[in-house]
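Numbering (my numbering), first residue to last: 25 to 278.
Here you go:
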């Protein structure tokens, strides 16, 4: 069955994970080639719009989301899944770089406070983007359910229970996103979600619909507490109907 991405290799370092990602032949390379599918991804994870993004189109991802690399969009969705679990640490970040010599190859580098969490988030993000770009007629992935399932899995691998984790303080929603990170976590502090990429600058005379597309993104992210490290191989984690199919041993609808 056709897939949008093929993850060729994953390398886990001390503090980061690098994935060599191939955009499958015949698939679009840029979000501008299928703006409707890009919008579906946004509606699944609207907080990606306010991620700090060190490209040349602006300081936030919303400025280049309408015309950027699909691998770059995958990076942001992965970072947001990690962030929403509340287990990704003070700062979740990523960087997407093209591989010289092949326009379809990219290296995505992600902060890796927990190997299982990072790999599971990347795998789940590829599933969500497959749905948005290839199978929109299927039921939409349950983003919140996927986050909850991944959080539960990560905690179980650490030997922790959800009750203990729920006792951790949560950051307040809607707090400003800045470049500064507090030295110690506090209940109302919020660190940035940073990404650095080869972001494409938008043309001054670009079509009006594309400018309006960027203007829709206005939601702040929220952060969680710092986790411990653990190495594990993780299959995609799904929520909602996809989770039911996974538990029954069936293939998720695509």
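In this text, a Cβ means the ideal position worked out from N, Cα and C, and glycines have one as well. Here the structure is a predicted model, which is why all the values come from computation and not from measurement.
Open item on the list: Nearest by alpha-carbon distance to residue 102: which of 88, 139, 76, 147 is it?
Closed with: The count along the chain shown starts at 1 and reaches residue 102 at position 78. For residue 102, the nearest C-alpha among the options comes from 147.
- [ ] Would you list the one or two residues that DSSP bridges to residue 47?
- [x] Here residue 47 is taken as the residue at index 23 of the chain shown, counted from 1. According to DSSP, which records beta bridges pairwise, residue 47 is partnered with 29.
Open item on the list: So, for residue 64: in the same chain, excluding its five sequence neighbours on each side, which residues have a beta-carbon less than 7 Å away from its beta-carbon?
Closed with: Here residue 64 refers to the residue found at position 40 when the chain shown is read from its first residue. Excluding the 5 residues flanking it on each side, residue 64 has same chain C-beta neighbours closer than 7 Å at 156, 160, in chain order.
- [ ] Determine the burial state of residue 49: buried for a count of at least 16 other Cβ atoms within 10 Å of its Cβ, exposed for fewer.
- [x] In the chain shown, the residue the question calls residue 49 occupies position 25. Burial call: exposed.
Open item on the list: With distance defined between alpha-carbon atoms, name the residue in 44, 140, 107 nearest to residue 96.
Closed with: As a working mapping, residue 96 is identified with position 72 in the chain shown. Checked all of 44, 140, 107; the closest Cα to residue 96 is 44.
Task: C-alpha distance - residue 52 paired with residue 94, whole-angstrom precision - done: Taking the first residue of the chain shown as 1, we reach residue 52 at position 28. Taking the first residue of the chain shown as 1, we reach residue 94 at position 70. Residue 94 has its alpha-carbon roughly 8 Å from the corresponding atom of residue 52.
Open item on the list: Is any non-hydrogen atom of the ligand ATP found closer than 7 Å to the C-beta of residue 102, if you look at the structure I gave you?
Closed with: Looking for the ligand ATP in the displayed structure turns up nothing, as the structure carries no ligands at all.
Open item on the list: Based on DSSP bridge pairs, tell me the residues matched to residue 36.
Closed with: Translated into the one-based positions of the chain shown, residue 36 becomes position 12. For residue 36, which the question treats as bridged, DSSP gives the partners 41.
Open item on the list: Do residue 132 and residue 118 have their beta-carbon atoms positioned less than 8 Å apart in this structure?
Closed with: Mapped onto the chain shown, residue 118 falls at position 94. Mapped onto the chain shown, residue 132 falls at position 108. Yes; because the gap between Cβ atoms is below 8 Å, this pair is in contact.
Task: residue 57 in three-state terms, based on DSSP - done: Walking along the chain shown from the start, residue 57 turns up at place 33. Helix, per DSSP.
TODO: Would you list, in sequence order, the uninterrupted alpha helix (DSSP H) runs of no fewer than 4 residues that lie entirely inside the segment 65-121?
DONE: Contiguous alpha helix (DSSP H) elements confined to the segment 65-121 occur at 94-108, taking only those with 4 or more residues.
TODO: Identify, in the order they occur along the chain, each residue of the same chain with its Cβ nearer than 6 Å to the Cβ of residue 32, setting aside the five sequence neighbours on each side.
DONE: Your numbering for residue 32 matches position 8 in the chain shown. So the list reads 44, 46, once near-sequence residues are dropped.
- [ ] For residue 179, count neighbouring Cβ atoms within 10 angstroms of its own Cβ and tell me buried if that reaches 16, exposed if not.
- [x] Numbered from 1 along the chain shown, position 155 holds the residue referred to as residue 179. So residue 179 counts as buried.
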